[in-house]
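Visitor: Residue 535 in our numbering sits at position 181 of the sequence shown, with consecutive numbering throughout.
Glycine included, C-beta positions come from ideal geometry on N, C-alpha and C.
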Amino acid sequence: MKNVGLVTGASSGIGLELARIHASKGRDLVLVARREDLLNQFKIELESAHGVKVFIIVEDLMVPGAAQRILDVLHQNSIQVDYLFNNAGLGGYGKFIDRNLSDENRMIQLNIIALTELTHVLLPSMVKQKKGYILNTASSAGFMPGPLQSVYFATKAFVVSFSQGLSRELKGTGVMVTALCPGPVKTGFEKAAGFNESPLFEKAKDAHSTAKKGYLGMEKNKLIVFNELPLQFAVNWLLPLFPRKTVLWMIERLQTVK
Ligand SMILES: NC(=O)c1ccc[n+]([C@@H]2O[C@H](COP(=O)([O-])OP(=O)(O)OC[C@H]3O[C@@H](n4cnc5c(N)ncnc54)[C@H](OP(=O)(O)O)[C@@H]3O)[C@@H](O)[C@H]2O)c1
């Protein structure tokens, strides 16, 4: 396999579109997610449409040790990963006090720990071969606190911060790190997070254009990529001007389910 892109959360949404774009460039893939049936359908689609090789790893990234298990499978099959798309992630709607603590822990395991560990186990071989790309799907949520999804927003703040720090540490190694920071996108996310008719998703963007912006940004070695210009402007130039408590009020309103 060559120019291999490993995509976590490749069975739907943004991850599926990242994989489609990667394959359309004639690059091979490793697809990771839990839903094996969807991954198998997708493998057939990509191999016949683009003539690329697609390898599937069915793995639950919320179960501790997932990164090491993935590394073992890659070694057993002599697969070198050149592009890492740390994309799998999950939200969780509701007041922190009302939410199940084990659900919050599982979210942290997926959004933070699996992403960090997978990066740590795959990075040495990228540095050794003096090239590699890491695209972390963060969120615009990573730039602000998020009442009614307090833990989710905090996990994405981790991803934004970690991606930037790591990018600087890797300067001169040939390995690039980019954080994709979308606003609301039409995927399975809304339902999985427990949102029901929140105004937040009324003007959600589509997964393909979001993935395309992320992929192009990664190839251009951008540090942070938003999927909407107005959002980029608001996050960088408007939000910092508002008092913190006003920001909290605005985000709570946006996230409140009618
Ligand atoms: N949609 C939005 O509004 C939005 C906005 C900003 C950022 N994001 C971020 O975008 C990323 C992708 O989400 P999406 O919007 O494309 O949602 P999605 O359609 O629900 O996709 C989530 C993907 O993650 C995988 N996944 C979930 N739990 C997993 C687990 N325990 N182990 C392995 N894979 C798991 C799912 O596959 P399986 O169920 O098959 O395992 C699926 O492929 C997430 O990190 C999310 O936080 C989304």
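Output yes or no for whether 8 Å exceeds the beta carbon distance between I488 and L438.
Guide: Locating residue 488 in the sequence shown gives position 134, where the first residue counts as 1. Locating residue 438 in the sequence shown gives position 84, where the first residue counts as 1. A contact, by the Cβ cut-off of 8 Å.
Visitor: Can you list, in chain order, the residues of its chain with a C-beta nearer than 8 Å to that of E606? Leave out the 5 residues immediately preceding and following it.
Guide: Numbered from its first residue, the sequence shown carries residue 606 at position 252. Correct list, in chain order: P501 and L502.
Visitor: In this structure, how does DSSP classify F596 when only helix, strand and coil are distinguished?
Guide: The count along the sequence shown starts at 1 and reaches residue 596 at position 242. The answer is coil: DSSP assigns F596 none of H, G, I, E or B.
Visitor: Can you list, in chain order, the stretches of the beta strand (DSSP E) that have 3 or more residues and sit fully within the segment 434-483?
Guide: Counting whole runs of 3 or more residues, the segment 434-483 contains the beta strand (DSSP E) stretches 437-440.
Visitor: Quick one: is P594 buried, meaning 16 or more other Cβ sit within 10 Å of its Cβ, or exposed?
Guide: For this step, residue 594 is matched to residue 240 along the sequence shown. Per the 10 Å Cβ criterion, exposed.
Visitor: To test your reading of the DSSP string, which unbroken beta strand (DSSP E) runs of 3 or more residues are found completely within the segment 495-567?
Guide: Counting whole runs of 3 or more residues, the segment 495-567 contains the beta strand (DSSP E) stretches 529-535.
Visitor: May I ask which residues mark the beginning and end of the beta strand (DSSP E) holding G489?
Guide: To locate residue 489, count along the sequence shown from 1; it is residue 135. What sits at residue 489 in the sequence shown is Leu, not Gly. From DSSP, the beta strand (DSSP E) with L489 extends over G486 to T491.
Visitor: Using a Cβ distance threshold of 8 Å, determine whether the segment 579-590 contacts the segment 471-488, with at least three qualifying pairs required.
Guide: Output reads no: the segment 471-488 does not touch the segment 579-590.
Visitor: Buried or exposed: P538, going by 16 or more other Cβ atoms within 10 Å of its Cβ?
Guide: Here residue 538 refers to the residue found at position 184 of the sequence shown. Buried, by the Cβ-count rule.
Visitor: Beta carbon of V406, beta carbon of V384: below 8 Å?
Guide: Counted from its first residue, the sequence shown places residue 406 at position 52. Counted from its first residue, the sequence shown places residue 384 at position 30. No, the Cβ-Cβ distance between V406 and V384 is not below 8 Å.
Visitor: Near A565, what residues of its chain come up, given a Cβ to Cβ distance below 7 Å and the 5 sequence neighbours on each side ignored?
Guide: Translated into positions along the sequence shown, residue 565 becomes position 211. Result list for A565: I368, E371, L372 and I375, in chain order.
Visitor: Classify A421 as helix, strand or coil using the three-state DSSP reduction.
Guide: Counting from one through the sequence shown, the residue named residue 421 turns up at place 67. Looking at A421 - three-state DSSP - the assignment turns out to be helix.
Visitor: For E544, collect the residues of the same chain with a Cβ closer than 6 Å to its Cβ; drop the 5 residues on either side in sequence, then sort them by chain order.
Guide: Taking the first residue of the sequence shown as position 1, residue 544 is located at position 190. Around E544: F555.
Visitor: Applying the criterion that 16 or more other CB atoms from any shown protein chain within 10 Å of the CB defines a buried residue, is L380 buried or exposed?
Guide: Counting from one through the sequence shown, the residue named residue 380 turns up at place 26. Correcting the residue identity first, residue 380 is Gly in this sequence and not Leu. Exposed: under 16 other Cβ atoms inside 10 Å.
Visitor: Are the CB atoms of T362 and N440 within a distance shorter than 8 Å?
Guide: For the purposes of this step, residue 440 is identified with residue 86 of the sequence shown, where counting begins at 1. For the purposes of this step, residue 362 is identified with residue 8 of the sequence shown, where counting begins at 1. It is a contact, given that the beta carbons lie within the stated cut-off.
Visitor: How many Å lie between L602 and L400 at the Cα?
Guide: Translated into positions along the sequence shown, residue 602 becomes position 248. Translated into positions along the sequence shown, residue 400 becomes position 46. L602 and L400: Cα-Cα distance of roughly 43 Å.
Visitor: Using the Cβ count rule (16 or more neighbours within 10 Å means buried), how would you classify G350?
Guide: In the structure as shown, the chain starts at 355 and stops at 612, and residue 350 therefore has no counterpart that could be examined.
Visitor: Buried or exposed: where does K397 fall if 16 or more other Cβ atoms within 10 Å of its Cβ makes it buried?
Guide: Taking the sequence shown and counting its residues from 1, one reaches residue 397 at position 43. That one is buried.
Visitor: Please say whether G443 and T491 have beta carbons closer to each other than 8 Å?
Guide: Translated into the one-based positions of the sequence shown, residue 491 becomes position 137. Translated into the one-based positions of the sequence shown, residue 443 becomes position 89. The answer is yes: Cβ separation under 8 Å.
Visitor: Would you give the residue range spanned by the beta strand (DSSP E) that G369 belongs to?
Guide: Looking up residue 369 in the sequence shown gives position 15. Premise fails: G369 lies in the alpha helix (DSSP H), G367 to S378, not in any beta strand (DSSP E).
Visitor: Quick check on V406: does DSSP put it in helix, strand or coil?
Guide: Here the question's residue 406 lines up with position 52 in the sequence shown. If DSSP states are grouped into helix, strand and coil, V406 belongs with coil.
Visitor: Going by Cα to Cα distance, which pick from F507, I410, W591 and L534 is closest to E573?
Guide: Position 219 of the sequence shown, counted from the first residue, corresponds to residue 573. The option with the nearest alpha carbon to E573 is L534.
Visitor: Cα-Cα, which of L428, V417, G519 and T473 is closest to G486?
Guide: Along the sequence shown, one-based indexing puts residue 486 at 132. The option with the nearest alpha carbon to G486 is T473.
Visitor: According to DSSP, simplified to helix, strand and coil, what is L608?
Guide: Translated into the one-based positions of the sequence shown, residue 608 becomes position 254. Correct three-state label for L608: helix.
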